[in-house]
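Positions -22 to -1, 1 to 35 (mature numbering (1 follows the signal peptide of the UniProt record, and there is no 0)) are the ones given, in order, by the sequence shown.
For every residue, glycine included, the Cβ atom is placed at its ideal position computed from N, Cα and C.
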Amino acid sequence: MASKHLAALAIFAIVLPAVAMATEFTVGDDQGWTINFDYVAWAKDKVFHVGDKLVLA
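And the structure:
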């Protein structure tokens, strides 16, 4: 029983920092999600990681 709790605690300790470090990106920044916008140039200077969120506003 104690080993199950220890395993759950270890998983929690690994996952929590990854969630806390997630970044939310608004696609297109101030212009938002629109036509005639260079999204390749927008994304070029960004580093995305698993868990990050892209907001289409």
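> Where does Lys24 fall in DSSP's three states?
Replying inline: coil
>> So, with DSSP's three-state summary, where would you put Leu32?
In response: Looking at Leu32 - three-state DSSP - the assignment turns out to be strand.
> Apart from the five residues just before and just after Asp30, which ones in its own chain have a Cβ nearer than 6 angstroms to its Cβ?
Replying inline: The residues are Ala(-1), Thr1.
>> Excluding the 5 residues flanking Phe10 on each side, which residues of the same chain have their C-beta closer than 6 angstroms to its C-beta?
In response: Position check: residue 10 holds Gly in this sequence, whereas Phe was assumed. These residues qualify, in order along the chain: Ala35.
> Which whole-angstrom value describes the C-beta separation of Leu(-17) and Val5, a residue pair presumed to lie in contact below a C-beta threshold of 8 angstroms?
Replying inline: Rounded, the Cβ-Cβ distance is 41 angstroms, inconsistent with contact.
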